[in-house]
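Asker:
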Amino acid sequence: MSGGAAKGFAHVGVLRVLEEMRVPVHLITATSMGSIMGGLYASGLSPEEIEETMATVDWLGLFRDQPPREDLDYRRKEDDSRYLFDLGVGVRFNGEIILPSGVLAGQKIGLLLRENTLHVSDIDDFDELPIPYRAVAADIETGESFVIDHGDLARAMRASMSIPGAFAPVEIEGHLLVDGGITDNMPVDLARSLGADVIIAVDVSSPMRTREELDNVFGVVGQLTSMLSRLNVEDQIPRVDILLDPELGELGGGDYTKARELVATGEAEARRHAGELARYAVSEEEYAAYRTRYRYKPRPPTRVDFVEVVGNDLVDRRVIDARMRIQAEDSLDVEAIDKDVTAVYGLGDFTSVGWHVERRGDQEGVIVTVHEKPWAPNYINFGMLFEVDGTFTGRVNLTATRLNARGAEWRNDIQFGSIHSLRTEFYQPLDFAGRFFLAPWILLEDEDQNVFDDDGDDVATYEVDRQLGALDAGFQIGRLGEIRLGVVRGKAGANVGVGSAELPEFDVDVGGLRGRIALDRLDSPSFPNRGYGASTDVFLSRRGLGADDSYERILVRGSAFWPQGRKIWFTGGMAGSSLGSDLPAYDAFTVGGFLSLSGLERGQLRGQYAGVLRGGLLYRLGLAPSLLAKGVYLGAYAETGSAWETSDEIGEDLTYSGTLLFGVDSALGPLYVAYGVADSGQDELYVSLGQTF
5 MSGGAAKGFA
15 HVGVLRVLEE
25 MRVPVHLITA
35 TSMGSIMGGL
45 YASGLSPEEI
55 EETMATVDWL
65 GLFRDQPPRE
75 DLDYRRKEDD
85 SRYLFDLGVG
95 VRFNGEIILP
105 SGVLAGQKIG
115 LLLRENTLHV
125 SDIDDFDELP
135 IPYRAVAADI
145 ETGESFVIDH
155 GDLARAMRAS
165 MSIPGAFAPV
175 EIEGHLLVDG
185 GITDNMPVDL
195 ARSLGADVII
205 AVDVSSPMRT
215 REELDNVFGV
225 VGQLTSMLSR
235 LNVEDQIPRV
245 DILLDPELGE
255 LGGGDYTKAR
265 ELVATGEAEA
275 RRHAGELARY
285 AVSEEEYAAY
295 RTRYRYKPRP
305 PTRVDFVEVV
315 GNDLVDRRVI
325 DARMRIQAED
335 SLDVEAIDKD
345 VTAVYGLGDF
355 TSVGWHVERR
365 GDQEGVIVTV
375 HEKPWAPNYI
385 NFGMLFEVDG
395 TFTGRVNLTA
405 TRLNARGAEW
415 RNDIQFGSIH
425 SLRTEFYQPL
435 DFAGRFFLAP
445 WILLEDEDQN
455 VFDDDGDDVA
465 TYEVDRQLGA
475 LDAGFQIGRL
485 GEIRLGVVRG
495 KAGANVGVGS
505 AELPEFDVDV
515 GGLRGRIALD
525 RLDSPSFPNR
535 GYGASTDVFL
545 SRRGLGADDS
555 YERILVRGSA
565 FWPQGRKIWF
575 TGGMAGSSLG
585 SDLPAYDAFT
595 VGGFLSLSGL
605 ERGQLRGQYA
615 GVLRGGLLYR
625 LGLAPSLLAK
635 GVYLGAYAET
645 GSAWETSDEI
655 GEDLTYSGTL
665 LFGVDSALGP
675 LYVAYGVADS
685 GQDELYVSLG
695 QTF
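Taken in order, the sequence shown gives residues 5 to 697; the numbers are from the working numbering.
1. If you draw a straight line from the C-alpha of Asn189 to the C-alpha of Leu44, how long is it?
2. Just to confirm, is the Cβ distance from Tyr590 to Ala498 under 7 angstroms?
3. Span of the alpha helix (DSSP H) holding Gly279?
4. Tell me the rounded alpha-carbon separation between Leu91 and Arg80.
5. Could you give the C-beta distance for Gly257 and Lys634, rounded to a whole number, given that I count them as a contact under 8 angstroms?
6. Would you decide whether Glu55 is buried or exposed? Buried here means 16 or more other CB atoms lie within 10 Å of its CB.
7. Please classify Asp131: does DSSP put it in a helix, a strand, or coil?
8. Per DSSP, Phe441 is paired with what?
9. Any chance you could list the beta strand (DSSP E) runs of at least 3 consecutive residues sitting entirely within the region 161–214, in chain order?
10. When you compare the CB positions of Tyr265 and Pro250, do they come within less than 7 angstroms of one another, or not?
11. Grab the span of the beta strand (DSSP E) containing Ile487 for me, first residue to last.
12. Relative to the C-alpha of Leu198, which residue among Val314, Leu31, Ala263 is closest?
13. State whether the region 198–208 contacts the region 12–21, with contact taken as three or more CB pairs (one from each stretch) at a distance under 8 angstroms.
14. Are three or more beta carbon pairs between the region 443–463 and the region 415–432 nearer than 8 angstroms?
15. Nearest-angstrom Cα distance between Ala172 and Ser36?
16. Between Tyr613, Glu119, Leu617, which lies nearest to Ser602 when the distance is taken from Cα to Cα?
17. How many angstroms separate the CA atom of Gln608 from the CA atom of Gly596?
18. Mind the definition here: the region 275–294 touches the region 330–340 only if three or more C-beta pairs lie below 8 angstroms; say whether that holds.
19. Assuming Gly7 and Gly48 make a contact with CB atoms under 8 angstroms, what is their CB distance in whole Å?
20. Report the option in Glu74, Leu442, Val93 whose CA atom is closest to the CA atom of Glu413.
21. Given Ile371, which residues of its chain have a CB within under 7 angstroms of its CB, disregarding the five upstream and five downstream residues?
22. Can you grab the Cα-Cα spacing for the pair Pro629 / Leu526, in whole Å?
23. Over what stretch of residues does the alpha helix (DSSP H) that includes Gln111 continue unbroken?
24. Can you name, in chain order, every residue of its own chain whose Cβ lies under 7 angstroms from the Cβ of Arg321, other than the five neighbours on each side?
25. DSSP three-state label for Met5, please.
26. Residues in its own chain within less than 6 angstroms of Pro381 by CB, not counting five upstream and five downstream?
27. Please name the residue, chosen from Leu181, Phe354, Glu605, that lies closest to Ala141 on a Cα-to-Cα basis.
28. From the DSSP output, which residues share a beta bridge with Ala263?
29. Which value, in whole angstroms, describes the spacing of the CA atoms of Arg20 and Glu52?
30. Nearest-angstrom Cα distance between Gly261 and Glu688?
31. Can you name, in chain order, every residue of its own chain whose Cβ lies under 6 angstroms from the Cβ of Tyr660, other than the five neighbours on each side?
32. Using the three-state DSSP reduction, which class does Gln240 fall into: helix, strand or coil?
33. Can you round the beta-carbon distance between Phe565 and Asn533 to whole angstroms, since I take them to be within the 8 angstroms contact cut?
34. Compute the distance between the beta-carbons of Ala158 and Leu117, then report whether it is under 7 angstroms.
35. Would you mind reading off the limits of the beta strand (DSSP E) that contains Ser692?
36. Could you check if Ala409 is buried or exposed, using at least 16 other CB atoms within 10 Å of its CB as the buried criterion?
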């Protein structure tokens, strides 16, 4: 069985016809996607069972290593919404930068293969499988083929399909293995060497492109990839007894969502060769005996006598244990173990987390194997926000993790552009589950804030600066969010950068209590399809804690999204109140800008109270996801709100705004092009890269 990405589903159709014709299979040698289809069949699954799995799995989700965002630790959700990458670049304190070895670690694919081969998890010798089996991979260090004939079946299949650069290599017995297609994409000679008399080979490899198809960089790069696999396939074809070459038409290696159509192409090709295949058919009695032996599925494990975690070095075992519910003497529950493994993977420290069942005498136990990121534990990351008006904010982050057994982190953010800031925080969990924490932090910030007159014209620009230090204590609400309470001290100033010299300026001491409740169940920070997010920030400025002025400030934000086919309905808004106190000018609420009365300029309205209500619709276009874009959207939303100086004015003089939106969930971050119009006739155009929804 050859490799060919999604085209490998055609192998299942061939197997179905072989069973119908009573043609027994005594040995399977396979590469890449062929190794997955062949490995599942060799384990005892029927073609119907394999097809159902391939047709119903969420392939888009499968090719995203992260667990559902809702299930990430809240700390990692914060990273996800602030930076371009998922803590993806390692850094040493000597300045060395370490890149990941692949775009994907194959975490979810590994769990899928594990779930479907659990019944043979205690078989080490692949000759002892219901059908003897070999998976072909390539040793990326030597460039030679590597035949996997024993060990963990799920891991063998995963190694054989590790496309270099796309999936991280898999290490087996000291060999760093990648997709076997680059060395032996249709292992005919291997089958001969193992004693096979008759070879039925299924070729779903990619043909070489024509000159007309080589007119762009993607075609040329694709041709280089095809060369490696296609040439070694053609070398094997002369030694094949029956060659099946499914007619795939427009179906390609990326059509994972068309599994049933691809299976049908293999079935049709096998039927076209029925005359050749018929000579190898056996009687009903013989085939019944064959099925009894080769379709036997051993009893899957049913109990857990012991649980072990292996492979962890940087992450304390107690941190892992706190996220696992399975215990010795439990019944073996695959779904529960997968959830435990997903929770451990959600810590963000591992390239993959897998599990298997191991038999020791008369005991069966679960072995959880973690593979820590080679570029851990210190990471550098980047974020940015660019808008058409020239506003640019860049962010560089350096996070040092696993500083002690409980998982302390030192997070440092540097912003530059329209906002200059440095924020450093030491985050110390107080227990191994990470529920309670202390977080001292320091913020140095300098930004320009425009002041507008009643006609919407900017009349001045203030240079606002803050130097703050704080100590927060908090509680993680599971993976839902966090609660923080803290004490803040520092200074704040506001000087006129552009405008009349008679405008007031400020240079004050800051001191008070702060509180924050944040909830995040959004499935994406950029273009959510479902879920909700909300936050409440409270600041109580107090002279008794060193402030020049006492006042109260509370700001509530929230949004919710729910899907309906390709349509995504959403609502959201904000509300701010001084609770009857007198907010200083530099700490007043502002309204205006993208997603905040988008027809107005950023910060155009200012007051002691503020509120905005938003509702609208996103429509996800039917474009196939790629490495460059996860999705393309059209949208529209309406808003109403304002800012007020007194509580009696709340609800008066509302501004209404409508916005049309085009968005791309790109590899460089969310890209938005939006046009907003206010009821006053004022309008604004936004082109932003990096802004989260």
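Ideal Cβ positions, reconstructed from N, Cα and C, are used throughout, including at glycine.
None of the values given here were measured: they were computed from a predicted structure.
Answerer: Judging by the given coordinates:
1. When only Cα atoms are considered, Asn189 and Leu44 end up about 18 angstroms apart.
2. Contact: yes.
3. From DSSP, the alpha helix (DSSP H) with Gly279 extends over 278–282.
4. A caution first: Leu91 carries a pLDDT of 49, below 50, which makes its placement in the model unreliable, though a value can still be read off. CA-CA distance, Leu91 to Arg80, rounds to 9 angstroms.
5. Going by Cβ atoms, the distance from Gly257 to Lys634 rounds to 19 angstroms, so no, they are not a contact pair.
6. Result: buried.
7. In the three-state reduction of the DSSP assignment, Asp131 falls in the helix class, which pools H, G and I.
8. Answer is Pro433, Gly478.
9. Whole beta strand (DSSP E) segments, 3+ residues: 169–171, 174–176, 179–183, 204–206.
10. The displayed chain sequence assigns Glu, not Tyr, to residue 265. No, these two residues do not count as a Cβ contact at 7 angstroms.
11. In this chain, the beta strand (DSSP E) harbouring Ile487 covers 485–502.
12. Leu198 has its Cα closest to that of Leu31, out of Val314, Leu31, Ala263.
13. Contact between the region 198–208 and the region 12–21 is present, because at least three Cβ pairs lie under 8 angstroms.
14. Enough Cβ pairs lie closer than 8 angstroms, so yes.
15. Going from the Cα of Ala172 to the Cα of Ser36 covers about 14 angstroms.
16. Closest by C-alpha distance to Ser602, out of Tyr613, Glu119, Leu617, is Leu617.
17. If you take the alpha carbons of Gln608 and Gly596, they lie about 5 angstroms apart.
18. No, they do not touch.
19. Cβ atoms of Gly7 and Gly48 stay farther apart than 8 angstroms, at about 22 angstroms.
20. For the residues Glu74, Leu442, Val93, the minimum Cα distance to Glu413 belongs to Leu442.
21. Closer than 7 angstroms at Cβ, skipping near neighbours: Glu312, Val314, Trp359, His360, Glu362.
22. Per-residue confidence for Pro629 stands at a pLDDT of 49, beneath the threshold of 50, marking its modelled position as unreliable; the derived number appears in the next sentence. Near 20 angstroms, if we compare the C-alpha coordinates of Leu526 and Pro629.
23. Note, Gln111: alpha helix (DSSP H), 111–120.
24. Excluding positions up to five away in sequence, the list reads Val313.
25. DSSP places Met5 outside both helix and strand once states are collapsed to three, so it counts as coil.
26. Annotation for Pro381: Leu318, Thr405, Arg406 place their beta carbon closer than 6 angstroms to its own, counting only its chain and skipping 5 residues before and after.
27. Closest by alpha carbon: Leu181.
28. The partner list for Ala263 (beta bridge, DSSP) is empty, contrary to what the question assumes.
29. Arg20 and Glu52 have their alpha carbons spaced roughly 8 angstroms apart.
30. Rather than Gly, the amino acid found at residue 261 in this sequence is Thr. Counting only the Cα atoms, Glu688 lies some 40 angstroms from Thr261.
31. Excluding positions up to five away in sequence, the list reads Thr644, Asp683.
32. In the structure shown, Gln240 sits in a helix (DSSP, three-state: H, G or I).
33. 6 angstroms between Cβ atoms; contact.
34. It is a contact, given that the beta carbons lie within the stated cut-off.
35. Element bounds for Ser692: 687–693.
36. It is exposed - the Cβ of Ala409 has fewer than 16 other Cβ atoms within 10 Å.
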